[in-house]
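Notes for the one structure printed next.
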Amino acid sequence: MKASFSVAMMTLLGLLGASPATAGELYSVHAQLTHADGPALTPMMLVEAGKPASMRVQGDPEYSWEVRLGDVDAEQAQATLYMVLELAEASYTPSLRVQLGKPARLSIGELAMELVVEEHLDGLGPRAQGPEGH
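Numbering (our numbering), first residue to last: 7 to 140.
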């Protein structure tokens, strides 16, 4: 049932004008996560559009994070970020529409997240911005 919902949602977004990213496009997803009074966590992942990427960090605190970037609209410089985060014996599954290159904030209970998604040029690093981008 979950797969059919995802297909229906992607079809709906396609009909609304979101153009999917082409396979092989890489994006960096930078995050700053805080939970309750715990330390700030700052994971970063390279994600291929449309494919899940995940990481697991052992230590204090231990957490796992899975990210998938979909529904990329190059004209509007927007994408939808789908996440699964397991932290402090809790599981979070937020998704949100983000503006590429701009911070997005999300709070769920004691969890606060700040995320920045940037397109990578040939997987070597973020696209260079001219002086007007700084």
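The beta carbon of each residue, even a glycine, is placed where N, CA and C say it ideally should be.
Boundaries cannot be given for residue 47, as no beta strand (DSSP E) includes it and DSSP labels it neither H nor E. For residue 79, the enclosing beta strand (DSSP E) stretches over residues 69 to 79.
Each of 106, 117, 32 was checked against the Cα of residue 45, and the nearest Cα belongs to 117. Counting the other Cβ atoms within 10 Å of the Cβ of residue 77 gives 16 or more, which makes it buried. By DSSP's assignment, residue 105 forms a beta bridge with 84. One thing to note: residue 91 has its Cβ within 7 Å of the Cβ of residue 98.
When secondary structure is reduced to three states using DSSP, residue 96 falls in the strand class. With a threshold of 16 other beta carbon atoms within 10 Å, residue 61 falls short and is exposed. The Cβ-Cβ distance between residue 83 and residue 104 does not fall below 7 Å.
Per the DSSP secondary-structure output, residue 64 pairs with nothing in a beta bridge. Separation of residue 42 and residue 113 (C-alpha to C-alpha, rounded to the nearest whole angstrom) is 11 Å. In this chain, residue 55 is not harboured by any beta strand (DSSP E), its DSSP state being neither H nor E. Measuring C-alpha to C-alpha distances from residue 33 to each of 93, 56, 47, 48 identifies 56 as the nearest.
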